[in-house]
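Visitor:
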Amino acid sequence: MQVDERRLREALSKPAEYGEDLDLGEFEQESRERVEVDEDVRRRSLEVGVDLRRASSLTTFLQIDHEIAYRAVQKQFQGDIELMPIQEALERYPWVRELFWNLVSPYADKYTAYNALRPPSGFFLRILEGRRLHMPIQACFFSYSPGIIQSVHNLIVAEPGSEAYIITGCTMRRGDQKGLHIGVTEIFVKPGAKLNYTMIHRWGPNFHVRPRTGIILEESAATSYNYVLLGHVGSFQSKPFTRLEGRGATISMSNIIYLDGSSKMDMGGDCSIAGKNGRAELTTSAVALDRAKLTMRGRILCEADDGRGHISCRGLMLSDEAEIYTIPELISRRMNASLTHEAAIGRISEDQLIYLMSRGLSREEAESLIVRGFLDVSPLNLPSFLEESIKKIIDLAIKGF
Amino acid sequence: MLRVENLHVAVRDRLILKGVSLEVGDGEVHVIFGPNGSGKSTLAMAIIGHPDYRIVSGRIFFDGQDITEKPIDERARMGISIAFQNPPKLHGVKLKDLLARIASENGVGERFLEIVDRLNISQEHLNRYVNVGFSGGEIKRCELAQALASNPKLIILDEPDSGVDVGNLELIGRFLSESLRGRSALIITHHGYILRHLKPVKAHVLIDGVIACEGDPDQILNRIMKDGYRWCERCRLMRGV
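Going down the list, the protein sequences come from chains A and B. This note's numbering applies: residue 1 is where the first sequence begins, and numbers increase by one. This note's numbering applies: residue 402 is where the second sequence begins, and numbers increase by one.
1. For the 8 Å Cβ check, are there 3 or more pairs between the segment 404-411 of chain B and the segment 580-595 of chain B?
2. Can you grab the Cα-Cα spacing for the pair B/G641 / B/L607, in whole Å?
3. Under 7 Å between beta-carbons, which chain B residues line up against A/G373? List them in chain order, please.
4. Compute the Euclidean distance between the alpha carbons of A/T185 and A/L318, then round it to the nearest angstrom.
5. If you drop the 5 nearest sequence neighbours on each side, which residues of the same chain put their C-beta closer than 6 Å to that of A/R247?
6. Among A/S162, A/F236, A/Q138, which residue has its Cα nearest to the Cα of A/H181?
7. Going by DSSP, what residues sit across from B/H526 in a beta bridge?
8. Please state the DSSP three-state secondary structure of A/W101.
9. Report the three-state DSSP secondary structure of B/V642 (helix, strand or coil).
10. Among the candidates A/L282, A/C271, A/E245, whose CA atom is the shortest distance from the CA of A/I441?
11. Determine the direct distance from the alpha carbon of A/R372 to that of A/R299, and round the result to whole angstroms.
12. Could you please give me the residues that DSSP links to B/D467 through a beta bridge?
13. Determine the extent of the alpha helix (DSSP H) in which A/I393 is found, giving its start and end residues.
14. What are the uninterrupted segments assigned as alpha helix (DSSP H) that are 4 or more residues long and contained completely in the segment 586-637 of chain B, given in chain order?
15. Taking the alpha helix (DSSP H) that A/N196 falls in, what are its first and last residues?
16. With distances taken Cα to Cα, identify the nearest neighbour of A/Y197 among A/Y227, A/R174, A/S143.
17. Are the beta-carbon atoms of A/V41 and A/G169 separated by less than 8 Å?
18. Can the beta-carbon of A/G307 be found closer than 8 Å to that of A/R347?
19. Check the Cβ of A/S357 against every Cβ in chain B and list those closer than 8 Å, keeping chain order.
20. Can you give me the C-alpha to C-alpha distance between A/S254 and A/A280, rounded to a whole angstrom?
21. Per DSSP, what kind of secondary structure is A/G122 in: helix, strand or coil?
22. Taking Cβ positions only, does B/E429 come closer than 8 Å to chain A?
23. Return the Cβ separation of A/T340 and A/H310 in integer angstroms, given the expectation that the two are a contact with Cβ distance under 8 Å.
24. The ligand HEM and A/P136: does the residue's C-beta get closer than 7 Å to at least one heavy atom of that ligand?
25. Three or more C-beta pairs under 8 Å: does that hold for the segment 522-531 of chain B against the segment 483-494 of chain B?
26. Are the C-beta atoms of A/S338 and some chain B residue less than 8 Å apart?
27. Is any beta-carbon of chain B found at less than 8 Å from that of A/L361?
28. In chain A, which residues lie less than 7 Å from B/I449 when you measure between Cβ atoms?
29. Given a limit of 8 Å on CB to CB distance, which residues of the segment 318-351 of chain A reach chain B?
30. What does A/I394 reach in chain B if we use C-beta pairs closer than 7 Å?
31. Does A/N336 pass the burial test, meaning 16 or more other C-beta atoms within 10 Å, or should it be called exposed?
32. Any idea what DSSP makes of B/G426, helix, strand or coil?
33. In this structure, what does DSSP give as the bridge partners for B/F434?
34. Taking the alpha carbon of B/A484 as the point to measure from, which residue in B/R415, B/E511, B/P561 has its own alpha carbon closest?
35. Taking B/I540 as the query, report the chain A residues whose CB atoms sit under 9 Å from its CB, ordered along the chain.
36. Can you confirm whether the segment 368-387 of chain A touches the segment 512-522 of chain B when touching is taken to mean that 3 or more C-beta pairs between the two stretches lie within less than 8 Å?
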């Protein structure tokens, strides 16, 4: 899509609809350090599910600040997928230029406008028609230079009948580092394609995150869009949008959130069911500790026959200074649509604690087991080996609990 | 193994047990009968150390130690275990993970898999969350597996035979008759079905928070079956309790 630079410059001063407003002038635009893939980068990437030691055997894309540090397609999948820097895809394919900025508006707010004004960086991934990848594709976006705005734009096309798992991990070099991550992701899921897109993010108290995501599903396409955030984040705001365009399309958006410190997070999920028999499910399990504040906005609009939607939010409060706020919205324009929501916020149940303690676990062990159980990974719809590895990542992240 | 002395227990401000005394020797299986609301579960909860059950007076001794003041988890680690009647659901905690955890903490290791096998717990059941969507029989078998996975010295079974079908009852009965060998056990039962498979050495009848009657389990059960608990009421009057 062609963008209008004048409008973009105007949009640079437009705050996002939700979340804390940031002054982009307080951040660095370019990396001031020479990027190096060292042991720190490898260790922190592993903490967000991206194993760089297996980079030679797994399809991998590693971007540090704005530099593509590594990319490779697993040998057995060569010819099944295309993975390249977005810049390269835009130069090579006119149709990619057409899709670019189609699902997310570059004028939406200052973050999208900033992103659109910069030279594009990020990946283009195309899973070719009918190809089924049983091994995950891993991508890592690493913030390296202190104070930097890491601006990323990814575009994914799952062609008809294809199937893939994508794990993207986002993190940074040092826990106290200042910075801003603006991640634009546009996902096109063609008829009958199945895609599982799972993000694992770990940030710090001085880091701000503004993901902007648009997904479109054609006939009988199915997507699981999963977001896992563990620990501390300065501020986070996102409201990924999915349009279920084709008949019988299915989206499951799941969030697993473990928020501590003084984190401020405004997370949403917005689905529009436009095709007959569309199914949308938004699920959040969130644990709030310390002074963390979480707002959950779920919205499902149904404008198609026999559409079904469900929003579920479960919150666990582990501090009196924390806050969880849920705002579910259901809009139906069809008599035969069925939209439901449920939300429950509470503390750890004493009955569960006593039950586990009667088995010999100490109170602390029992609490930890309940919190781990609460951050249940089964809604992510992952194959068991990925489910186990993400469970381990969560367990390690909350080890101190 | 277990000695309860003149135990008075209150739940919130209501006194439920009003002076219960009993003793279970090493390797002995005892049974507690009693009508609904007589205090059977309260006795079980007081023995395991449930914090909602306040011991007003009296003492509990286990394995030679006074455990009256000990917290629930410590008692469990000393070797007391329980199969609950109505356990809570543990969302996100898989049965196999919990069993493995209990077993490893008690040095049972992989042997818990034998218990699982003997209780006919399927892989599918093991992969489900504890008590979430379990049938009545599945709950009972899951409770027994947990209670035995810690290799306890004393096991308390709170109504192991209520709400289970005949097939499950057979299986549970056979399992218990093998698994209780060499252990002390206190079995709480309202209607005594489980006694078709187990031969306890002694029965205690609890009525209105006191032991109204004690003796041979078969004889007592027969009388209860024939005359109901009214017979025990009279017995209690005769004993001047």
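For every residue, glycine included, the Cβ atom is placed at its ideal position computed from N, Cα and C.
Guide: For this structure:
1. Here the segment 404-411 of chain B makes no contact with the segment 580-595 of chain B; the two share fewer than three CB pairs at distances below 8 Å.
2. A caution first: B/G641 carries a pLDDT of 49, below 50, which makes its placement in the model unreliable, though a value can still be read off. For B/G641 and B/L607, the distance between alpha carbons rounds to 15 Å.
3. The contacting residues are L491, H492, G493, V494.
4. Each residue's Cα considered, the two are about 33 Å apart.
5. Taking C-beta separations shorter than 6 Å and ignoring five residues to either side along the sequence, the partners of A/R247 in its chain run E219, G275, K276, N277, following chain order.
6. Across the set A/S162, A/F236, A/Q138, the C-alpha of A/F236 shows the shortest separation from the C-alpha of A/H181.
7. When beta bridges are read from the DSSP output, B/H526 appears opposite no residue.
8. Note: A/W101 maps to coil in three-state DSSP.
9. The predicted position of B/V642 is uncertain, since its pLDDT is 48 and thus under 50; a value taken from the coordinates is nonetheless stated next. In this structure, DSSP gives B/V642 a state outside helix and strand, which the three-state scheme calls coil.
10. With chain A covering only 1 through 401, there is no way to say anything about residue 441 of chain A.
11. Going by C-alpha positions, A/R299 is about 27 Å away from A/R372.
12. Per DSSP, the beta bridge partners of B/D467 are B/F462.
13. Looking at the DSSP string, the run of the alpha helix (DSSP H) that includes A/I393 is 384-397.
14. Qualifying alpha helix (DSSP H) stretches, in chain order: 618-628.
15. It is not in any alpha helix (DSSP H) - A/N196 instead sits in the beta strand (DSSP E) that spans 194-201.
16. With distances taken between Cα atoms, A/Y197 lies closest to A/Y227.
17. Not a contact, by the Cβ cut-off of 8 Å.
18. Not a contact, by the Cβ cut-off of 8 Å.
19. Reading the sequence as shown, one finds Met at residue 357 of chain A and not Ser. Under the 8 Å cutoff, chain B gives P472, I473, D474, A477.
20. Cα-Cα distance, rounded: 11 Å.
21. The answer is coil: DSSP assigns A/G122 none of H, G, I, E or B.
22. Chain A places no beta carbon closer than 8 Å to that of B/E429, leaving this residue out of the contacts.
23. Contact flag correct, Cβ pair sits at about 5 Å.
24. Summarising the ligand content, the structure contains no ligands, and the ligand HEM is consequently not present.
25. Contact holds: three or more Cβ-Cβ distances are below 8 Å.
26. So, not an interface residue.
27. It does; some Cβ of chain B falls within 8 Å.
28. The answer, in chain order, is S358.
29. Against chain B - using a Cβ distance shorter than 8 Å - the residues of the segment 318-351 of chain A are S349, D351.
30. Under the 7 Å cutoff, chain B gives no residues; its nearest Cβ is about 11 Å from A/I394.
31. Exposed, by the Cβ-count rule.
32. Secondary structure of B/G426 (DSSP, three-state): coil.
33. B/V606.
34. Per the Cα distances, B/P561.
35. Within 9 Å of the CB of B/I540, no CB atom of chain A is found; the nearest one sits about 12 Å away.
36. The segment 512-522 of chain B is not in contact with the segment 368-387 of chain A.
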